[in-house]
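Participant: Numbering-wise, our numbering puts 521 at position 41 of the sequence shown, and it's gapless, one number per residue.
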Amino acid sequence: MIERHSHHHLSGMKRIFSLTIILAALLPTLSQAAMPPYSVATKFQESEQQGRKREFMNQRNAFFILELELTQEETDAFLPLYNELDTKRYELWKDVRQKRALMERKAELTDADMELIINKSLDNKIAEARLEKEYYYKFKRVLPMRKVMALKVAERKFARLFLKSSYD
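This is the structure we're talking about:
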């Protein structure tokens with residue numbers, strides 16, 4: 481009985497995860513298309529988006545604490561680093577997302593447009609790999625190696641859970 485309730489609760493969390501990501505991805509594009517950049521409504525939507533992002537991060541962090549079996553000390557040292565990495569990844573890809581969104585509004589992309597998007601994406605993959613290596617060294621200072629190794633698996637597991645919840 482408890483397990484069924486737990487599964488039902490997990491299913492609800494999956495829906496929250498998926499809605500959070502979808503809304504976080506769509507809101508900037510929708511608000512920019514519909515309103516002037518500095519309107520009160522846009523500022524309100526930005527604060528709403530921040531709230532959803534914070535909620536998503538809290539859920540992801542809770543998942544990592546359980547999945548990696550982090551102690552309180554490990555949690556206190558690791559999560560700020562991971563959230564910092566996540567913010568840097570988001571900023572890294574923000575430019576590509578914005579360029580792609582602007583270009584997709586055009587009737588037809590030129591070869592130069594497509595080349596710009598592809599080159600920026602490839603450059604970002606290289607920059608992201610450097611970031612991950614930098615944070616690998618930071619993570620191994622605060623976590624046992626087996627937990628550092630398990631992090632990639634936990635990230636993929638969380639992503640699968642999240643994506644699966646999008647289709648439930």
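No residue lacks a Cβ here, since even glycine has one placed at the ideal position from N, Cα and C. If you're wondering where the values come from, they're calculated on a predicted model, not measured in any experiment.
Rounded to a whole number of angstroms, what is the C-alpha to C-alpha distance between residue 620 and residue 588?
Facilitator: Position 140 of the sequence shown, counting from 1, holds the residue named residue 620. Position 108 of the sequence shown, counting from 1, holds the residue named residue 588. Spanning the two alpha carbons is a distance of roughly 47 angstroms.
Participant: Give a yes or no on whether the C-beta atoms belonging to residue 597 and residue 579 are separated by under 8 angstroms.
Facilitator: If you number the sequence shown from 1, residue 597 lands on position 117. If you number the sequence shown from 1, residue 579 lands on position 99. Yes, these two residues count as a Cβ contact at 8 angstroms.
Participant: Would you mind giving the Cβ-Cβ distance between residue 565 and residue 623, rounded to the nearest angstrom? I have them listed as a contact below 8 angstroms.
Facilitator: Start at 1 with the first residue of the sequence shown, and residue 565 comes out as number 85. Start at 1 with the first residue of the sequence shown, and residue 623 comes out as number 143. In fact, because the Cβ distance is near 13 angstroms, the residues do not count as touching under 8 angstroms.
Participant: Restricting to Cα atoms, I'd like to know which of 635, 645 and 618 is closest to residue 554.
Facilitator: Here the question's residue 554 lines up with position 74 in the sequence shown. For the residues 635, 645 and 618, the minimum Cα distance to residue 554 belongs to 618.
Participant: Where does residue 635 sit, in a helix, a strand or coil, going by DSSP?
Facilitator: As a position in the sequence shown, residue 635 is number 155, starting the count at 1. Reduced to three states, the DSSP call for residue 635 is helix.
Participant: Helix, strand or coil for residue 626? Go by DSSP, reduced to three states.
Facilitator: Here residue 626 refers to the residue found at position 146 of the sequence shown. The answer is helix: DSSP assigns residue 626 an H, G or I state.
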